[in-house]
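Engineer:
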Amino acid sequence: MRTLPASSVNKYKVNEIFYSLEGEGLFSGCPAIFVRLAGCTMCCPWCDTKYAQKTNFNLTAEQVIKKIAVYPCKTVVLTGGEPTEQNLNPLLKLLKKNKYQIHLETNGANLIDTKLIDFCTLSPKAYINAKTLKKADAVKYITDTKTTLQEIESLQEVLNKKTLFYLQPKNNSKENIKQCLKLIKQKPNLRLSVQLHKFLNIK
Ligand code: SF4
């Protein structure tokens, strides 16, 4: 029996594809195409992308490329849901072949091969894969009034020294922003990441 190449059998569960500005972290304000893959098994109660559990399209890697090729931008953010719950390899290879810069947003629960990924942002949740944590270019740490410097430092100890560490105030609430500022002032290698798109009320 002939085995079909993975790219022709693998269909991605996609929630949405859109062109906008990156709203968080190092690339905040830069244009990017967002490919939001559907589904996440972590089910955090505070999740702000619960709508991404829904699959609106089933697309091959080739079909994803065709949809994003209409935009004049060569940066793609793979986000979710949790993108690493799907086999990303065929899509990553095709994106690279078409000369896209690939940014990945992940909760870090799964082991990922970052060779084809240009920038990996990890937002730790209930479980983190230690090897993936070491490969992160940036950590986005959802911060609330209970977040302590000790928990941040214990995470930083296992990170690559070059990994950027952002505190993101949970729900953008005033109390949580205040807590971020307090922690950053105590530890100046931390950075603040606000969800710019939410403040600007843009998608
Ligand atoms: S890991 Fe992220 S996407 Fe998944 S449920 Fe939690 S907040 Fe939502």
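Numbering (our numbering), first residue to last: 878 to 1080.
Even glycine gets a Cβ: it sits at the ideal position worked out from N, Cα and C.
Just checking my contact of L1041 with L903 at CB under 8 Å: how many whole Å lie between their CB atoms?
Structural biologist: For the purposes of this step, residue 1041 is taken as the residue at position 164 of the sequence shown. For the purposes of this step, residue 903 is taken as the residue at position 26 of the sequence shown. Yes, L1041 and L903 are in contact; Cβ-Cβ is about 6 Å, under 8 Å.
Engineer: Would Y1043 and K1062 be called neighbours here (beta carbons separated by less than 8 Å)?
Structural biologist: Here the question's residue 1043 lines up with position 166 in the sequence shown. Here the question's residue 1062 lines up with position 185 in the sequence shown. It is not a contact, given that the beta carbons lie outside the stated cut-off.
Engineer: Taking only three categories from DSSP, how would you classify Y928?
Structural biologist: In the sequence shown, the residue the question calls residue 928 occupies position 51. Residue state, collapsed to three classes: helix.
Engineer: Is L1077 buried or exposed, if buried means 16 or more other CB atoms sit within 10 Å of its CB?
Structural biologist: Within the sequence shown, residue 1077 is the residue found at index 200, counting from 1. L1077 should be labelled exposed.
Engineer: Shorter than 7 Å, the distance from the beta carbon of T998 to the closest heavy atom of the ligand SF4, or not?
Structural biologist: One-based indexing of the sequence shown puts residue 998 at position 121. False, no ligand heavy atom lies under 7 Å from that Cβ.
Engineer: Do the CB positions of V953 and A915 come within less than 8 Å of each other?
Structural biologist: Numbered from 1 along the sequence shown, position 76 holds the residue referred to as residue 953. Numbered from 1 along the sequence shown, position 38 holds the residue referred to as residue 915. The answer is no: Cβ separation not under 8 Å.
Engineer: Anyone know if the C-beta pair for T926 and E962 falls short of 8 Å?
Structural biologist: Within the sequence shown, the letter at position 49 stands for residue 926. Within the sequence shown, the letter at position 85 stands for residue 962. Cβ atoms of T926 and E962: not closer than 8 Å.
Engineer: Please confirm whether any heavy atom of the ligand SF4 lies closer than 7 Å to the CB of N933.
Structural biologist: Walking along the sequence shown from the start, residue 933 turns up at place 56. No.
Engineer: May I ask which residues mark the beginning and end of the alpha helix (DSSP H) holding Q1027?
Structural biologist: Residue mapping note: residue 1027 aligns to position 150 of the sequence shown, counting from 1. Run containing Q1027: L1026 to E1034, per the alpha helix (DSSP H) assignment.
Engineer: Counting by C-beta, which residues lie closer than 6 Å to a heavy atom of the ligand SF4, in chain order?
Structural biologist: Selection output, chain order preserved: C917, M919, C920, C921, C924, T926, G957, G958, E959, N984 and K1002.
Engineer: Pull up the distance between the alpha-carbon of P967 and that of A986, whole angstroms please.
Structural biologist: As a first step, residue 967 must be located in the sequence shown, where it is residue number 90. As a first step, residue 986 must be located in the sequence shown, where it is residue number 109. If you take the alpha carbons of P967 and A986, they lie about 20 Å apart.
Engineer: Are the CB atoms of Y896 and C950 nearer to each other than 8 Å?
Structural biologist: Your numbering for residue 896 matches position 19 in the sequence shown. Your numbering for residue 950 matches position 73 in the sequence shown. The answer is yes: Cβ separation under 8 Å.
Engineer: With DSSP as the reference, please indicate the residues paired to F1042 in a beta bridge.
Structural biologist: Indexing the sequence shown from 1 puts residue 1042 at position 165. According to DSSP, which records beta bridges pairwise, F1042 is partnered with V1016 and L1067.
Engineer: Give me the Cβ distance between I979 and D995, rounded to the nearest whole Å; I'm assuming they're in contact under 8 Å.
Structural biologist: Indexing the sequence shown from 1 puts residue 979 at position 102. Indexing the sequence shown from 1 puts residue 995 at position 118. Yes, they are in contact, since the Cβ atoms of I979 and D995 sit about 5 Å apart, within 8 Å.
Engineer: Here's the rule: buried if 16 or more other CB atoms are within 10 angstroms of the residue's CB, otherwise exposed. What is P1046?
Structural biologist: Locating residue 1046 in the sequence shown gives position 169, counting from the first residue. Buried, because 16 or more other Cβ atoms sit within 10 Å of the Cβ of P1046.
Engineer: Looking at the structure shown, is E1082 part of a helix, part of a strand, or coil, going by DSSP?
Structural biologist: Nothing about residue 1082 can be read from this structure; the chain reaches only from 878 to 1080.
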